[in-house]
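Numbering (our numbering), first residue to last: 42 to 600.
Glycine included, C-beta positions come from ideal geometry on N, C-alpha and C.
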């Protein structure tokens, strides 16, 4: 079997077996010529699932954020992972008062919104657009607050709406945010992929047309690409924004090809049917590195895979049961079976690269005998039955949740617990998970920035339980107070002290079991340049260009 350059591809046995059972066994160019996009300079990105929305404010899903946040929108500021500082974006400068309560941003005056077949803007970005965008998630009286009915999980779980006193827009290029109290993580939250800026003019147009829900389905932003089409389970298509305020993207269009199977995505990459494949199978990373047509990029990514328990259900409402479950599973075995050496064991929800990391290995050590004793102490000497929900898509923190669930299922059987594995299509999985139907779930989190708060409040605060982002549905006022004490200080030593206490508290209560901190990989065709891989998640495509032209046969139009 050869690739598009005529070079022979030698597949490992497990890939050959899958190849024989798939449409790739019949046509290397793909299952149908109609599945290819058309572009003078086009980029094919293999995505692992469908976007839930085209508005990052409404989700915490990495799959959705990858497809939307950096492609369609901009934020006031951004976080630079190389310098570890905040840098200008839509705001070219900002100041903070000495008491940490007032943030003053000055906007650029040359930023245009997208012109598309469904909307033509009549003005540039102003502070009214920022006020409109932020008020949507801040103010329950805002006309768009309840549109799409999803809530704003990141902002709610991070406590940002309660933190902000009010926002002013005194001039067209000035936005002023007043806080009720100092918060050392506030700038980091503004730099996250969730704090995007929408068009007020577009929103008002849709309200007049009585179609407000279209703002999240047919997006308008200021980003490097603009929306062109979406076909569920097939593709999302963007065209470049010729009016982009930064350098105009090199690629005329970007197509996200939605392919849930990680092995199929890899095959599409090898045969030229995809240019970029995120989250390649862990077992195949070393083999991919040997392929002359492929670059494998990697970075130390601050992420954590974890096993969360629904603490609102019996018997998971008992900390002793949760402690037993923690001691029942062999996490070192999971690292070998699932990550193939591309991860380290997690002994805290906070990654080991964080300045506030305080490992608690004894709390999660593999000890089946201790697990049995704890189960007996909790009144379950003969165990019980439970479900393990397995993430249906691949992420940097967990390349194969189904396999992980099977290994955990085997471990639990040794201590008398019968576990059933549950999974659904990605959108259904997230909806039912948010409704609290699970007993436990294998999922995880990738940081948006370096502040430790990003791993605590969005995942484990009481506000996160209310927003649906807290997968353990765990609310503990004492834990919340430790987090609040940490963010009220700007002194790193003081903050580290409170975060250490928080990690010790989690090691006793165990609403979740941290499993792994994984290396993030991305596989790309070797004719691509400018495809930087950020350690803080997200996908940035605007700087990518091709050193060799795409073959015409690979650029056929979608039907």
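Please report the distance separating the alpha-carbon of residue i from that of residue j.
i: residue 297; j: residue 422; result: 50 Å
i: residue 462; j: residue 534; result: 43 Å
i: residue 470; j: residue 150; result: 42 Å
i: residue 358; j: residue 486; result: 23 Å
i: residue 112; j: residue 106; result: 9 Å
i: residue 585; j: residue 492; result: 28 Å
i: residue 436; j: residue 102; result: 10 Å
i: residue 498; j: residue 513; result: 13 Å
i: residue 145; j: residue 134; result: 9 Å
i: residue 179; j: residue 581; result: 27 Å
i: residue 387; j: residue 249; result: 51 Å
i: residue 483; j: residue 124; result: 33 Å
i: residue 279; j: residue 295; result: 5 Å
i: residue 510; j: residue 201; result: 14 Å
i: residue 212; j: residue 171; result: 12 Å
i: residue 552; j: residue 110; result: 30 Å
i: residue 526; j: residue 539; result: 7 Å
i: residue 400; j: residue 544; result: 8 Å
Classify residue i as buried or exposed, calling it buried when 16 or more other Cβ atoms lie within 10 Å of its own Cβ.
i: residue 519; result: exposed
i: residue 402; result: exposed
i: residue 207; result: exposed
i: residue 288; result: exposed
i: residue 396; result: exposed
i: residue 65; result: Here the model assigns residue 65 a pLDDT of 44, short of 50, so the residue's position is not dependable, and the following value carries that caveat. Its Cβ being crowded by 16 or more others within 10 Å, residue 65 is buried.
i: residue 477; result: exposed
i: residue 382; result: exposed
i: residue 438; result: buried
i: residue 364; result: buried
i: residue 532; result: exposed
i: residue 588; result: exposed
i: residue 506; result: buried
i: residue 114; result: buried
Return yes when the Cβ of residue j is within less than 9 Å of the Cβ of residue i, no when it is not.
i: residue 37; j: residue 443; result: This structure leaves residue 37 out entirely; the chain is present only between 42 and 600.
i: residue 269; j: residue 489; result: no
i: residue 94; j: residue 257; result: yes
i: residue 214; j: residue 561; result: no
i: residue 370; j: residue 453; result: yes
i: residue 139; j: residue 128; result: no
i: residue 537; j: residue 521; result: no
i: residue 266; j: residue 281; result: yes
i: residue 314; j: residue 85; result: yes
i: residue 89; j: residue 320; result: yes
i: residue 25; j: residue 117; result: The requested residue 25 is not part of the displayed model; the chain covers only 42 to 600.
i: residue 132; j: residue 167; result: no
i: residue 173; j: residue 99; result: no
i: residue 555; j: residue 346; result: yes
i: residue 191; j: residue 185; result: no
i: residue 579; j: residue 292; result: no
i: residue 263; j: residue 153; result: yes
i: residue 351; j: residue 480; result: yes
Put residue i into one of helix, strand or coil per three-state DSSP.
i: residue 194; result: helix
i: residue 393; result: coil
i: residue 78; result: Only weak support exists for where residue 78 lies, its pLDDT of 44 falling under 50; the value from the coordinates is given anyway. DSSP places residue 78 in coil when its eight states are reduced to three.
i: residue 449; result: helix
i: residue 427; result: strand
i: residue 486; result: strand
i: residue 121; result: strand
i: residue 270; result: strand
i: residue 596; result: Its pLDDT being 41, under 50, residue 596 is placed unreliably by the model, and nothing is read from it.
i: residue 361; result: helix
i: residue 209; result: strand
i: residue 587; result: strand
i: residue 436; result: strand
i: residue 134; result: strand
i: residue 662; result: Residue 662 lies beyond the range of the chain shown here (42 to 600); nothing can be said about it.
i: residue 201; result: helix
i: residue 503; result: helix
i: residue 83; result: strand
Output needed for residue i: all residues of its chain with C-beta closer than 6 Å, excluding positions within five of it in sequence on either side, in chain order.
i: residue 340; result: 561, 574 and 576
i: residue 433; result: 464, 467 and 470
i: residue 160; result: 243 and 261
i: residue 353; result: 514
i: residue 193; result: 98 and 178
i: residue 565; result: 317, 336 and 572
Excluding the 5 residues flanking residue i on each side, which residues of the same chain have their C-beta closer than 7 Å to its C-beta?
i: residue 356; result: 362, 419, 421 and 425
i: residue 169; result: 210 and 241
i: residue 450; result: 429, 460 and 462
i: residue 398; result: 389, 391 and 392
Looking only at its chain, what residues have a beta carbon closer than 8 Å to the beta carbon of residue i, apart from the 5 residues adjacent to it on each side?
i: residue 602; result: There is simply no residue 602 to check, as the chain begins at 42 and stops at 600 in what is shown.
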